[in-house]
Structures are given as structure tokens and as C-alpha cells.
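Numbering (our numbering), first residue to last: 209 to 362. One structure is given below, encoded as C-alpha cells.
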């Protein structure tokens with residue numbers, strides 16, 4: 209074996225001992241305990257780096273947390289934008305109503321126009337229901353047009 213000294217101050221070969229050597233059995237035991245502790249720390253670090261599944265789970269948890277925070281932020285932004293649009297639509301409706309020539313638009317009131325006005329007022333109170341009803345009507349109309357063209361009526 210050679211007597212070369214490594215970077216950490218130990219001799220190479222099968223009996224790696226510090227260059228200075230232990231001065232007694234107690235000092236040798238302390239060096240052994242210190243080396244065992246360092247070796248244990250190194251093994252833990254390597255095991256942590258080799259634990260791909262654990263690292264992937266930790267990364268997934270971080271991404272879930274970020275996605276949750278972003279979801280909350282986007283919902284808040286969407287709610288704010290929805291309220292702003294609703295406010296603008298309400299103001300525009302009131303402005304159009306104020307500019308109309310008369311409450312009945314210059315026409316006589318009939319029973320049907322009174323019901324229609326009530327339906328319009330109810331629609332302003334429930335815009336989501338009006339949107340759904342409009343979408344359903346559009347789908348029905350589109351389906352009937354497609355069906356008529358498919359059967360050669362148009």
C-alpha cells in the first residue's frame with residue numbers, strides 16, 4: 209500500500225487514518241463517532257436525492273397549492289369583472305329607459321304589452337335565466353333550420 213495523503217488529511221489504503229493519528233483510544237472513539245455522523249448525514253442526503261417518488265409528490269403538492277391560490281385569484285377577478293359588467297349594463301338600461309319618448313314608447317298599452325313589460329322587468333332581475341332561455345331558443349332554432357335543410361325544405 210502507498211503512504212499518499214488525500215485531500216481530507218487521511219492516508220490512502222486499507223487502513224485510512226488521519227495523518228496525525230489518534231493520541232489514544234478515547235480520541236479514536238471520538239473520531240469514529242464523528243465519521244459515523246458525517247457518513248449518516250451523507251447517506252441521508254443521497255437517499256433524499258434518490259427518492260424520486262417523494263420529490264415528485266412534494267413538487268405536486270407545491271403545484272397544487274399554487275393552482276389553488278391562482279384559482280382563488282381568478283375567481284375573485286372574474287367576480288369583480290362580472291359585477292362591473294352588471295353595473296354598466298344596469299346604467300345603460302336606465303339611460304335607455306330615460307331617453308325613451310314615453311313610458312309606453314308612444315304606443316297604447318294593451319294587455320299583451322303589459323305582460324311583455326313585466327317579462328322584461330323580470331328578465332332584468334334574473335339575467336342568468338334569460339341567458340339560458342336565449343341559449344335554449346337558439347339551439348332549438350338552429351336544430352330546426354338544420355333539420356329543414358337536411359330534409360330539403362329550404
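Each residue gets a CB set at the ideal place from its N, CA and C atoms; glycine is no exception. Just so it is clear, the structure is predicted and the values come from calculations on it, not from any experiment.
Local Cβ density within 10 Å of residue i, reported as buried at 16 or more and exposed below that
i: residue 260; result: exposed
Opening and closing residue of the alpha helix (DSSP H) in which residue i lies
i: residue 274; result: 260-307
Beta carbon of residue i nearer than 8 Å to that of residue j
i: residue 424; j: residue 346; result: Lying before the first or after the last residue shown, residue 424 is absent from the chain, which here runs from 209 to 362.
Same chain only: Cβ atoms within 8 Å of residue i, ignoring 5 sequence neighbours per side
i: residue 351; result: none
i: residue 240; result: none
Neighbourhood of residue i by C-beta distance below 7 Å, restricted to the same chain and skipping five residues each side
i: residue 318; result: Residue confidence is low: residue 318 scores 49 on pLDDT, short of 50, so the model does not pin down where it sits. Its coordinate-derived value is still stated next. Cβ neighbours of residue 318 beyond the five flanking positions: none.
i: residue 343; result: none
Proximal residues to residue i (C-beta, below 6 Å), its chain only, five neighbours per side dropped
i: residue 357; result: none
i: residue 335; result: none
i: residue 328; result: none
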